[in-house]
Structures are given as structure tokens and as C-alpha cells.
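Q: 1 is the number of the first residue of the sequence shown in UniProt numbering; add one for each residue after it. Here a beta-carbon is modelled for each residue, glycine too, at the ideal position from N, C-alpha and C.
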Amino acid sequence: MSLYQLIELHGTELVSALILDTPNQQDQAPMNYEVIHKAIMKYVRKDGQLVLCATRSPALKAYEAGAHVIELDGTKLLTEKGFGEVKANFDDVFA
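1. Using a threshold of 8 Å, state whether the C-beta atoms of Cys53 and Thr79 are closer than that.
2. What is the residue span of the beta strand (DSSP E) that Ile19 lies within?
3. On the DSSP letters alone, give me the boundaries of the beta strand (DSSP E) that Leu52 sits inside.
4. What number of angstroms, rounded off, separates the C-alpha of Ile36 from the C-alpha of Ala95?
5. Please say whether Ala17 and Val51 have beta carbons closer to each other than 8 Å?
6. Taking all protein chains shown into account, decide if Leu6 is buried (16 or more other Cβ within 10 angstroms of its Cβ) or exposed.
7. Would DSSP call Gly11 helix, strand or coil?
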């Protein structure tokens, strides 16, 4: 987080989205998980993009209120129909 924040504050280039894969590694205690999420919400700029991969938890309630939440269906992010739609968008880019 510190490095990302320094880049945001002092960098001269476009800052990419911050992607965090489940901050709940090794099943943190609920209190620690809440502290982690409060820190994330505090330090990620309001005009920035955050992709947070997480499991459901009461600690996420405040974050979810202002987020665009994508629910996975079982073991896949994209269904066959959804994949076709996304692929069609990229076909033009990589043609």
C-alpha cells in the first residue's frame, strides 16, 4: 500500500488499478480483517480504481456499500455466454 500511495502522490504517469487478492490470507481474525479493510479504504484515492478479491465478511459491509460487486458463479467468473461477449470486444482490438 505504501509504495502504491507514493506512486499515486508523486508519479507523473497514469496509475493503474490496485488489485488485491484476498487480504484475508491464512484466515485473519475478524478484528484484523476489519482493520485491514479500513486501511485499504483510507488510503485508496476516491478517484482511483481498486479491484479487491475477497470472501464475504461483515468487515466488508462499508466497502460493499460504495463498490461495484461482481459475484462469481461457482468456479467461474465468466459464463460461456459472457465469455463470447467479452471476446468479441477484444477481437477488434487484437485484429
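A: So, to answer that:
1. Cβ atoms of Cys53 and Thr79: not closer than 8 Å.
2. It spans 18-21 - the beta strand (DSSP E) in which Ile19 sits, taken as one unbroken run.
3. Segment 50-53, the beta strand (DSSP E) holding Leu52.
4. Their Cα atoms are separated by approximately 42 Å.
5. Cβ distance < 8 Å, so Val51 and Ala17 count as in contact.
6. Leu6 should be labelled exposed.
7. Shown here, Gly11 sits in coil according to DSSP, grouped into three states, outside any helix or strand.
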